[in-house]
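Participant: Take this structure first; my questions come after.
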Amino acid sequence: MGSRLEKNSTAVRKRLENHEFTGEDGEEYAPSAFGGFPDYFRRKKIKLQNVDAEIRAAAGDKPPIFKGVVGHVIGYTQPSLTDIHKAIVEHGGVFLQYLDGKTMATHIICSALPPKKSLEFSKYRMVKPAWVVDSIKAGKLLPWADYKVIDEGGARQKTIRLDGGKMSSQATQQPPLRYREQTQNSFYTSQLRSMGTSPAQGSSSPLVTPRLNKPRLQAVESIEDDPMDEDIDDDMMALVEEERQLEPGRAQEPARASSMALEATEETEEGPTPAAQPPPPDPPVAPKEGKPLTSEEHNALLLADPRMRKSSTANPEFLKQYYSESRLHHLSTWKAELKSKMQRLAAERGPAPKGVKRKPGLRRYIMHVDFDSFFCAVSLKKYPEFVDKPAVVAHGSGSGSEIASCNYPARKFGVKNGMWMKRAQELCPDLKVVGYDFPAYEEASALFYDAVLEVGGVVQSVSIDEALVDITSLVLDAAVSKGVGVSEGSPWREQEKADEIASRLRERIKEKTGCNVSVGIGGNILLAKVALRKAKPAGQYQIRPEEVLDILGALKVEDLPGVAYSIGGKLEEIGVKLVSNIRQTSKERLTSVLGPKTGEKLWEYARGIDKTEVGEQPVRKSVSAEVNWGIRFINQQEAEEFVGNLCKELERRLLNEGVKGKHLTVKIMRRAADAPLDPPKHLGHGECDTFNKSIVFGVATNNGEFIGKEAVAVLRAFNFSPGDLRGIGVQVTKLEPLKASAPEGSQKRLNFGSFAAHTPAKKQRTEPIEEGTPEKPKTASHHEVDPIADDPLTPRKPKVHPALALAKANEADASARTPLNVTGTQFIMPSNADPAVIAELPPDINRHFVTKPPENNFPDVKSRDPTPAPVKSRTQSPALQDEIPADFDPEVFLALPEDIKAEILASHGPSRSRGQSVLPQSPRKDRILQPPKRAPTPTKRGGRGGKIHSLFNRAKAKQQDANAGLHQTNFLTRDTKRAPVDQEIEALEEIDPTFLAELPEDVRKEVVADHRRRRMAQRSGLLAPVPSRQENKRRSGTGETKLKFPPPPPKVGLSGSGLTDLTEVKDMINAWHRETKAEGPHVDDVRVLEKYLARVVVEERDMEKAKKVIRWLEWVVDADEDEDEGRGKEAWSETVESVKAAVQAAMAERGLGKMEF
DNA sequence: ATCCTCCCCTAC
DNA sequence: TAAGGTAGGGGAGGAT
Ligand SMILES: Nc1ccn([C@H]2C[C@H](O)[C@@H](COP(=O)(O)OP(=O)(O)OP(=O)(O)O)O2)c(=O)n1
Ligand SMILES: [Mg+2]
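In the working numbering, the protein residues as written are 3 to 1159.
In structure tokens:
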């Protein structure tokens, strides 16, 4: 395994080397690039050493002033971290980029500190940057005390380590108390107080949570657990060893206790109180030496800087502020709004005509319209002087600032959207940076859509700056009006018309907005998009049928929509880099590597096929809110409070969408074990492990408070150190329309507003049954007044309590949310009567109810392990069942609140945390297989790096693929390759009645019978293990059947299908002809061949192949001169003509000219 | 087989 | 300094 792993790693590495990252600094998201932990650690170490060695070497003979000093910088400093680093190393010191728990720093350099009592940083040598500067200036090491950042208590600690020793002494559950005390007086706490937020009154709780004690070690530990030791190199082992030494005992006891205490508190309060008591941060037990700097302490230090505080979760206005500045948030919300708007417009317009109208199933004309460098173009309107210079839109010019949009001059340097400033500036030092102007983007977009809608086609919004327009009917109408029948097809005229429409639209938008848009035109969405690429910037391009294959073939696979890093990697592994390579790959291979859907989609894309219709927009299935930036907590309370706020936001969104849901998923990003406390990106999440956990409510809800409590419980169950949290998200699924617009018995209530879109008012009361919302009546009615009220995204609007939200009303006419309701088909009538009743209960009670376990209602408790495996969790009762501690009465146990259950479970039995179980499925991710050693969970995914696994087993997996293939019956059967016969079958299903009617009676019967028979065979074939056999079997079928034409198992396996395919078809023809040359071919067989060739032309788009087959057929027939058998020969000749005609028809269907034979 | 859950992946 | 959100498609694998 080792060698294979190595091999793969190498391959991945290689790929990465060539891969052009679009952004970041390569440190972060790049980890996926590493070939595994061993490699990862090795690289990290080497890298640091190299850097310092270089600095030292370049330093010349500077005095070793800092000899013996091990420095570390926290927060924003002047001079910068980089400069200080350099300065220290140059002068004989050692610099730590980050504290990783095993290294000690002698001095911590920072500009500011939190108020005295908050944390005992005084124990460290906290010095100002000036100490470094001045020491160098002085040519000697100045007393650090003169630069002490805080002047409180003496500094006795000589070293600082993260975690470490403290844990071992943790056994005593004393620390908690102390911790609490500190927390209470912390700067943050006082801040909260001053803001009126009730802080830690729970501090009285004697039980303190050690929740934050065992952070990073866990991850390390899990690594250690991995049975991959053999592959671990020495560095790795050494590291693990080291960590192990530090490994403290698990502090489960305290954890559980605290949790219970918290729970109790929670129940008593029930008020709008933010969250339960904050388990005070745990102060290090302060082992004599080497007091660890916990991540909470680190955060506190970091937040000492007021500016930091302002932009992180320490700011109570954080959510509102963050969302107002987040481009991605804006993008997402805009998109959702546009989707609603379009749906509404579509509904208003004509609900029916579409289906009928679009009969000419072939030839479509789709436009993809998109602004050129949207944000940048709009923002630059204020800076005309930069338009011709490389410019980007970003929040700042720091290294971690992300570029939302760059103009074309900047792109010439290789700058791309999404790239981090650091990289961009390396590529283009003269980059101009301009700020965002969200309102202006909205305005431009509004004008854009006005113009797009004016066109009159079917519109589908893709994003704020991008839309699809199906102008088929416009184009066809125009062509027809010019006197040519549609069916006749006058592609040329149509194409001209399409170009004209696009041209006019571009002009119009430019006029209205002053910005350029480009337009791509093609016969389907895929082609329109591909055309758009060629059109940019400020242009338009129409892909004509005859150039489709050439254009597509030359593209890299990543240029296809839906293919990016991961899928691109999988394809590269099978030697596919260009779209043309996909064409040379059998569909089986694609599906076995990528999955049935993805495989088929790409197979089609490669041939320019995309059947997706413009305008099809599915109903919303989830609502969520998450933040993965600026998350820096210094205690559990903050974290819980934040979760609460997030849930309020979620409530707002649910109301706005007019839905409620019964499934909640909490997503947590936690700093990875080996990740630095300060990631490369300012307040970014850095390298993280992510954990999801979901729970099911007994009944759908949209109550933020209720959801908040559940979410907090989940958070607690994870038992993460708050200081290590880097991202939090909450998502609700299993949605139901809020306004249960009369499920079944609606009729009776018609007297009321009747329709869904009526006034909300307190309808709830009236229809208790429908409103199975556990929210409090008061709240509910309130919300009902104007759900649309507050627009979470709109920057300017202060995010207030939902109550005040209504102020906002401007936004949308109630219709805004209508669409969703309307679309939300389902009228859920609680099948289980209870829910309705439950819904009436106050949240708290309801919660209990839900928590209890009528069955599957109780929230799941899965992470009983103090260190849940990252990402991957399983859920539900089953797991729970098995896991109920033996010494607990199941009933009692189940009745407990889920978080407590989690705690209990956590304290029982060997934690089953399997090591890093993140299993990358992507070949581009590290394929470290960290096989969960004893993965307690029998199931799970193989627990290994997906790729390796697949790659390795690929060969033998083939076997299994056979089975897999069978599963995907539907899919496979329609494969052109494997079975033209099947295609035929499929085709028959939609057999044209007219065609049937025209057949002679006997023939018709035969056709129908055969059709039926084949379907049967097809079906039964599914059960057969080996797909390939199906055809044979079928063919040899009953006498009634004529020859089955089982041509081209096209691209079979590895061989470049093409040839194999053709050869087989030829053989088939030979046999067919040989056996029936006397009486002539059976009409059915002829049809089969015709359909097959039609598909070759229309779908596979291999004109050469079609031509060759026909030529071959013709040759075979003509060559048959032996004895003039009249009838047979004549029939065969007719067959040739018939087949040719069929192919020509197919050509025409594609808008191509006649084929020359 | 099919459905369901829990992710991963992609797009803007 | 900086604002790394969010929804849907779909794959893997367990439950039914
Ligand atoms: N990683 C990204 C990608 C896009 N966007 C925003 C800014 C873009 O202006 C807008 C539209 O995205 P496009 O992909 O259409 O990119 P542009 O319009 O900037 O450039 P172009 O369409 O010319 O390629 O979305 C973003 O914030 N972050
Ligand atoms: Mg654009």
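Quick reminder that beta carbons are idealized off the backbone N, C-alpha and C, glycines included.
1. Have a look at 592, 340, 741 and flag the residue whose alpha-carbon is nearest the alpha-carbon of residue 607.
2. Is it buried or exposed for residue 320, if we count other Cβ within 10 angstroms and need 16 for buried?
3. Based on Cα-Cα distance, which residue from 541, 344, 1087, 530 lies nearest to residue 448?
4. Under a three-way DSSP split, which group does residue 739 fall into?
5. Expressed to the nearest angstrom, what Euclidean distance is found between the alpha-carbon atoms of residue 334 and residue 647?
6. To the nearest angstrom, report how far apart residue 1160 and residue 681 are at their CA atoms.
7. I'd like the list of long-range same chain contacts for residue 623, defined as Cβ closer than 7 Å, with 5 residues on each side in sequence excluded.
8. Could you tell me the alpha carbon to alpha carbon distance between residue 295 and residue 673, rounded to whole angstroms?
9. Bridge partners of residue 672, per DSSP?
10. Give the straight-line distance between the Cα atoms of residue 543 and residue 403, rounded to the nearest whole angstrom.
11. If you draw a straight line from the alpha carbon of residue 617 to that of residue 641, how long is it in whole angstroms?
12. For ligand 4, I want to know if residue 419 counts as a neighbour, meaning its beta carbon is within less than 7 Å of at least one of the ligand's heavy atoms.
13. For my contact list, residue 628 and residue 522 are in at a C-beta cut-off of 8 Å; report their separation, rounded to the angstrom.
14. Residue 609: which of 92, 63, 549, 570 sits nearest, CA to CA?
15. For residue 599, count neighbouring Cβ atoms within 10 angstroms of its own Cβ and tell me buried if that reaches 16, exposed if not.
16. Between the C-alpha atoms of residue 318 and residue 569, what's the straight-line distance to the nearest angstrom?
17. Leaving aside the five residues before and after residue 1109 along the sequence, list all residues of the same chain whose C-beta is less than 7 Å from its C-beta, in chain order.
18. If you measure from the CB of residue 468, is any heavy atom of ligand 2 nearer than 7 Å?
19. Of the residues 510, 473, 520, 515, which one's Cα is nearest the Cα of residue 497?
20. Could you check how far apart the C-beta atoms of residue 697 and residue 656 are, in whole angstroms? I think they sit under 8 Å.
21. Around the C-beta of residue 724, are 16 or more other C-beta atoms found within 10 angstroms, so that it is buried, or is it exposed?
22. Please determine, among 388, 444, 476, 716, the residue with the shortest C-alpha to C-alpha distance to residue 367.
23. Name the two residues that bound the continuous beta strand (DSSP E) containing residue 95.
24. Relative to the alpha-carbon of residue 517, which residue among 668, 382, 369 has its alpha-carbon at the smallest distance?
25. Pop quiz: residue 1145 and residue 1080 are said to be a contact at Cβ under 8 Å. What is the actual Cβ separation, rounded to whole angstroms?
26. The beta strand (DSSP E) with residue 109 in it runs from where to where?
27. May I ask you to list the residues that DSSP assigns as paired with residue 344?
28. Where do the ends of the beta strand (DSSP E) carrying residue 542 lie?
29. Could you tell me which residues DSSP puts in a beta bridge with residue 1189?
30. Only counting the same chain, and skipping five residues up and downstream in sequence, which positions put a Cβ closer than 6 Å to that of residue 1143?
31. Does the Cβ of residue 439 lie closer than 7 Å to at least one heavy atom of ligand 2?
32. Three or more beta-carbon pairs under 8 Å between the stretch 713–724 and the stretch 435–448, yes or no?
33. In chain order, what residues of the same chain lie with their CB nearer than 6 Å to the CB of residue 821, ignoring the 5 residues before and after it?
34. Residue 527 by DSSP, collapsed to three states: which one?
35. Going by DSSP, what residue range makes up the beta strand (DSSP E) through residue 624?
36. Could you check whether the Cβ of residue 372 sits closer than 7 Å to any heavy atom belonging to ligand 2?
Facilitator: Once the coordinates are examined:
1. 592
2. buried
3. 344
4. strand
5. 20 Å
6. No answer is possible for residue 1160: it lies beyond the span of the chain, which begins at 3 and ends at 1159.
7. 735, 737
8. 15 Å
9. 691, 727
10. 34 Å
11. 41 Å
12. Among the ligands in the structure shown, ligand 4 does not appear; only ligand 1 and ligand 2 can be found there.
13. The pair is not a contact, with the Cβ atoms about 33 Å apart (cut-off 8 Å).
14. 549
15. exposed
16. 41 Å
17. 1157, 1159
18. yes
19. 473
20. Between residue 656 and residue 697 the Cβ distance is about 16 Å, and since that is not below 8 Å, they are no contact.
21. buried
22. 476
23. Note, residue 95: premise wrong, no beta strand (DSSP E); not H, not E.
24. 382
25. In fact, because the Cβ distance is near 26 Å, the residues do not count as touching under 8 Å.
26. 109–111
27. Paired residue(s): none; residue 344 is not in a bridge.
28. 542–544
29. Since the first and last residues shown for the chain are 3 and 1159, residue 1189 lies out of range.
30. none
31. no
32. no
33. With a pLDDT of 25 at residue 821, under the threshold of 50, the modelled position of this residue cannot be trusted, and the question is left open.
34. helix
35. 624–629
36. yes
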